[in-house]
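Quick note: the sequence shown uses the working numbering, first residue 9, plus one each step. Note that CB positions come from ideal geometry on N, CA and C, so glycine has one too. Only a predicted model underlies this, so the values are computations on that prediction, with no experimental measurement involved.
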Amino acid sequence: MKICVFCSANQQIDPDFFTLTKELGLWMAEAGHTLVYGGVNCGLMECVAKAVHETGGRTIGVIPQIVEQGGRISQYVDVEILCDNLSDRKQLMQDKSDVFIALPGGIGTLDEIFSMAASATIGYHQKPVILYNMKGFWDGLTTMLDGLHAHGVTRKQWRTYIQVASSLDDIKTLLEGVPQVAD
Numbered sequence: 009m010k011i012c013v014f015c016s017a018n019q020q021i022d023p024d025f026f027t028l029t030k031e032l033g034l035w036m037a038e039a040g041h042t043l044v045y046g047g048v049n050c051g052l053m054e055c056v057a058k059a060v061h062e063t064g065g066r067t068i069g070v071i072p073q074i075v076e077q078g079g080r081i082s083q084y085v086d087v088e089i090l091c092d093n094l095s096d097r098k099q100l101m102q103d104k105s106d107v108f109i110a111l112p113g114g115i116g117t118l119d120e121i122f123s124m125a126a127s128a129t130i131g132y133h134q135k136p137v138i139l140y141n142m143k144g145f146w147d148g149l150t151t152m153l154d155g156l157h158a159h160g161v162t163r164k165q166w167r168t169y170i171q172v173a174s175s176l177d178d179i180k181t182l183l184e185g186v187p188q189v190a191d
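Below, the structure written as structure tokens:
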């Protein structure tokens, strides 16, 4: 399957996040899955791509022109899909992927998570959106989402559209039976 990974492009984060990200990338490649990601050459993005690529897996980088112009494309991108901007990037990632997994990340990662979840709420897709809650990284977000539901501003419980995994084994379980998109 094609697994889209949203994550940080920063290096100065918890080293355990890199260890867990590498573990995810190794599993993806060994299981025959393809990585779809932002194509940047630093942070967790570079870590997951390197693990997939060096283990014989395939990587697809969806890369905005500004990243290309800045010379920040990862050497571990097997297939480059260039796009105009972040909106195009998210749409291409949605179209090309079977599932979305969010690792620790910042504002861009939040934007990607919520774009995919919002698209699911109105029926554009029925693909899983998974928060990989490494070391409780997403606890604050899940608390906020519970608060939104408690205040009645969400039509359905948020876990209808966003699932939470605390380990690679949880991710594997959540991915059982996920339908795959055609190339």
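The alpha helix (DSSP H) enclosing residue i, as first and last residue numbers
| i | result |
| --- | --- |
| F25 | 23 to 38 |
| A58 | Contrary to the premise, residue 58 reads as Lys rather than Ala in this sequence. Where K58 is concerned, the enclosing alpha helix (DSSP H) stretches over 51 to 62. |
Short Cβ contact (8 Å threshold) for residue i with residue j
| i | j | result |
| --- | --- | --- |
| T29 | V48 | no |
| S174 | P112 | no |
| I21 | I109 | no |
| Q171 | V137 | yes |
| M101 | V44 | yes |
| A37 | G64 | yes |
| K143 | D24 | yes |
As assigned by DSSP and simplified to three states, the class of residue i
| i | result |
| --- | --- |
| R167 | helix |
| F145 | coil |
| R97 | helix |
| V161 | coil |
| G69 | strand |
| V85 | coil |
| V186 | coil |
Endpoints, the beta strand (DSSP E) within which residue i is located
| i | result |
| --- | --- |
| L176 | It is not in any beta strand (DSSP E) - L176 instead sits in the alpha helix (DSSP H) that spans 176 to 183. |
| A128 | No beta strand (DSSP E) holds A128; the alpha helix (DSSP H) holding it covers 115 to 129. |
| V107 | 107 to 110 |
| V13 | 10 to 14 |
Cβ shell of residue i (< 6 Å), same chain only, five flanking positions each side left out
| i | result |
| --- | --- |
| T129 | Y169 |
| T162 | L156 |
Best match in the options for proximity to residue i [C-alpha to C-alpha]
| i | options | result |
| --- | --- | --- |
| I68 | Q188, S82, G51, Q77 | S82 |
| F14 | T63, I21, V107 | V107 |
| I74 | R66, V60, N93, G65 | N93 |
| D86 | N18, A59, E184, A158 | A59 |
| Q118 | G148, S105, W35, V44 | The residue asked about is misnamed: residue 118 is Leu in this sequence, not Gln. Closest by alpha carbon: G148. |
| C50 | K135, D154, A126, G79 | G79 |
| L182 | T151, D103, Y140 | Y140 |
| R97 | E88, Q77, P72, G116 | P72 |
Neighbourhood of residue i by C-beta, 7 Å cutoff - its chain only, sequence neighbours within 5 removed
| i | result |
| --- | --- |
| L176 | E31, L32, W35 |
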